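Counting along the sequence shown from 1, when you hit position 248 you're at 250 in the working numbering, and nothing is skipped either side.
Beta carbons are placed, not taken as given, at the ideal position from N, Cα and C, and that holds for glycine.
A quick note: this is a predicted structure, and the numbers were derived from the prediction, not measured.
Comments concern the structure below.
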Amino acid sequence: MKEIVLKKHLVTGFCLLCFMLPGYLPAYAQSLQIGGQVTDSSTGEELIGVSVLEKNTMNGTITDIDGNFTLTVAQGATLVVSYVGYETTEIRVTGSKMDISLREATELLDEVVVIGYGSVKRKDVTTAISTVSTKDLDQRPIVSAGQAIQGKAAGVTVVQPSGTPGGELAIRVRGTTSFNGSNDPLYVVDGVPVDNINFLSPNDIASLQILKDASSAAIYGSRAANGVVIITTKAGERGDAKISFNAQLSMNKVSNKIKSLNAAQYKELQDEIGLVNLPDGLTDQTDWFDEAYSTGILQSYQLSVSSGTEKLKYFLSGGYLDEKGVLNTAFYKRYNFRANIENKVRN
Numbered sequence: 003m004k005e006i007v008l009k010k011h012l013v014t015g016f017c018l019l020c021f022m023l024p025g026y027l028p029a030y031a032q033s034l035q036i037g038g039q040v041t042d043s044s045t046g047e048e049l050i051g052v053s054v055l056e057k058n059t060m061n062g063t064i065t066d067i068d069g070n071f072t073l074t075v076a077q078g079a080t081l082v083v084s085y086v087g088y089e090t091t092e093i094r095v096t097g098s099k100m101d102i103s104l105r106e107a108t109e110l111l112d113e114v115v116v117i118g119y120g121s122v123k124r125k126d127v128t129t130a131i132s133t134v135s136t137k138d139l140d141q142r143p144i145v146s147a148g149q150a151i152q153g154k155a156a157g158v159t160v161v162q163p164s165g166t167p168g169g170e171l172a173i174r175v176r177g178t179t180s181f182n183g184s185n186d187p188l189y190v191v192d193g194v195p196v197d198n199i200n201f202l203s204p205n206d207i208a209s210l211q212i213l214k215d216a217s218s219a220a221i222y223g224s225r226a227a228n229g230v231v232i233i234t235t236k237a238g239e240r241g242d243a244k245i246s247f248n249a250q251l252s253m254n255k256v257s258n259k260i261k262s263l264n265a266a267q268y269k270e271l272q273d274e275i276g277l278v279n280l281p282d283g284l285t286d287q288t289d290w291f292d293e294a295y296s297t298g299i300l301q302s303y304q305l306s307v308s309s310g311t312e313k314l315k316y317f318l319s320g321g322y323l324d325e326k327g328v329l330n331t332a333f334y335k336r337y338n339f340r341a342n343i344e345n346k347v348r349n
């Protein structure tokens with residue numbers, strides 16, 4: 003009896019399976035051959051080697067030299083189109099003809115680099131460029147633009163030849179290339195070549211980049227033989243007014259004082275040696291080292307105001323630097339004022 007019931011169930015299940023298969027087979031067999039072309043959305047150029055893949059499958063192909071592709075997919079499938087440097091796109095199949103346009107990825111390729119002839123995308127730059135971060139310039143105890151480069155750019159040497167107040171820093175991008183000529187790089191501030199950057203306050207710097215290789219000579223000629231330092235100053239931004247004030251105070255003093263003889267001590271020494279007969283009455287007790295050297299004081303004050311609207315943006319800055327050296331006769335003062343104004347007269 004049990005064996006008869008089991009056979010009835012098997013027969014019933016087999017009949018149901020045969021009844022259902024015709025409904026599934028046509029649905030599984032429905033496929034569509036599609037074709038199309040993949041292009042750049044901005045230029046319209048054909049893209050070679052683009053991956054066109056049916057989503058959630060291993061069924062795919064790549065575009066040929068003209069950007070064309072053909073692929074057999076299921077009805078209503080979704081295509082995943084990807085290419086290096088472009089955004090990955092998913093498109094649902096709606097017909098046999100599928101023309102697809104891809105947009106460039108904007109994360110790294112749109113990073114802006116300032117070069118000699120304007121601002122371009124990072125992907126278009128083939129020269130050796132070193133970028134110096136200027137985010138912490140306001141917090142660093144520096145008073146010159148040259149100190150902003152010191153220790154911040156690989157392969158660039160910045161040294162201070164002397165301790166003279168306001169003395170220029172020696173900046174070498176490619177080392178010493180000449181014994182007679184100048185080894186200083188070319189400085190370009192807001193697109194204008196200048197001889198030095200001593201006049202520029204480090205608080206006014208927005209970006210600082212260094213062109214190292216010989217291709218910079220194609221932009222600036224022989225003046226770029228020792229490299230190029232490109233500086234862009236700060237500009238106003240749309241929004242509420244911003245006021246920034248920076249003050250610095252530092253002191254310098256000779257740590258190893260040289261002991262010297264005054265006039266009376268010198269006469270006493272010569273009398274003991276007996277080499278020079280000095281006249282009597284040399285009783286001066288002046289310490290000439292103290293007369294020549296003292297404590298050096300540096301004070302710097304920088305004030306900036308910036309704001310902007312849809313049509314007018316401005317950045318105004320002014321500063322005062324007063325440096326007194328450890329030598330009483332050495333001093334340096336600097337007054338600086340900059341105005342960066344952008345006015346949109348019409349669309």
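Asked, Found
"Taking P281 as the reference, give the member of I207, T179, G69 and K269 with the closest Cα.", "K269"
"Checking 8 Å against the spacing of the C-beta atoms, do V82 and L55 come in under that value?", "yes"
"DSSP three-state label for R94, please.", "strand"
"Figure out for me which residue from L314, G321 and Q211 has the closest Cα to the Cα of G349.", "Sequence inspection shows Asn at residue 349; the Gly mentioned does not correspond to that position. Out of L314, G321 and Q211, L314 has the C-alpha closest to the C-alpha of N349."
"For the structure I just gave you, are there three or more beta carbon pairs, one from the region 287 to 304 and one from the region 239 to 252, closer than 8 Å?", "yes"
"So, is S135 buried or exposed, given that buried needs 16 or more other C-beta atoms within 10 angstroms?", "exposed"
"Quick one, are the C-beta atoms of G229 and V175 less than 8 Å apart?", "yes"
"Are the region 236 to 247 and the region 171 to 191 touching by the rule of at least three beta carbon pairs closer than 8 Å?", "no"
"Return the chain-ordered list of same chain residues with a C-beta closer than 7 Å to the C-beta of K259, the five sequence neighbours on each side being excluded.", "F291"
"Name the residue from N200, S209 and S203 whose alpha carbon lies nearest to the alpha carbon of G193.", "S209"
"By Cβ distance, which residues of its chain are closer than 6 Å to F71, with the 5 residues on each side in sequence left out?", "V54, T63 and T65"
"Considering only the beta carbon of each residue, do L202 and I232 sit closer than 8 Å?", "no"
"Do you know whose CA, among G69, D215, V190 and N338, lies nearest G320's CA?", "N338"
"Leaving out the 5 sequence neighbours to the left and right, which residues in its chain are closer than 6 Å to D101 when beta-carbon positions are compared?", "G38 and Q39"
"Taking its Cβ as the centre, do 16 or more other Cβ atoms sit within 10 Å of T234, making it buried, or is it exposed?", "buried"
"Within its chain, find whatever has a CB closer than 6 Å to the CB of G183; leave out the 5 residues flanking it on each side and keep chain order.", "none"
"Out of Q152, R105 and S33, which has the shortest C-alpha to C-alpha gap to V75?", "S33"
"How would you write the range of the beta strand (DSSP E) that F247 sits in, first residue to last?", "G241 to N254"
"Are there 16 or more other CB atoms within 10 angstroms of the CB of P195, so buried, or fewer, so exposed?", "exposed"
"In chain order, what are the residue ranges of uninterrupted beta strand (DSSP E) at least 3 long that sit wholly in the region 278 to 346?", "298 to 310, 314 to 326 and 333 to 345"
"Take A156 as the anchor and find which of I131, E170 and A172 has the nearest alpha-carbon.", "I131"
"Per DSSP, what kind of secondary structure is Y85 in: helix, strand or coil?", "coil"
"Output the boundary residues of the beta strand (DSSP E) element that contains Q35.", "S33 to D42"
"If I'm right that D206 touches R340 with Cβ under 8 Å, what's the distance once you round it to whole angstroms?", "6 Å"
"Cα separation between A172 and R225?", "17 Å"
"Under DSSP, the beta strand (DSSP E) around I50 begins and ends at which residues?", "It is not in any beta strand (DSSP E) - I50 carries neither H nor E in the DSSP assignment."
"Is it true that the CB of Y316 sits closer than 8 Å to the CB of S308?", "yes"
"If contacts are defined as beta-carbon pairs under 8 Å, then I167 and Y334 qualify, I think. What distance do you get, rounded to the angstrom?", "Contrary to the premise, residue 167 reads as Pro rather than Ile in this sequence. At roughly 4 Å, the Cβ-Cβ gap stays under 8 Å, so P167 and Y334 are in contact."
"When the Cα of V145 is compared with those of P163, E170 and V191, which residue comes out closest?", "E170"
"Are there 16 or more other CB atoms within 10 angstroms of the CB of I275, so buried, or fewer, so exposed?", "exposed"
"Using three-state DSSP, classify N70 as helix, strand or coil.", "strand"
"In its own chain, which residues sit with a C-beta less than 6 Å from the C-beta of P163, not counting the 5 before and 5 after it?", "A172"
"Taking I275 as part of the alpha helix (DSSP H), name the residues at either end of that continuous run.", "A265 to I275"
"Return helix, strand or coil for P195, following the three-state DSSP convention.", "strand"
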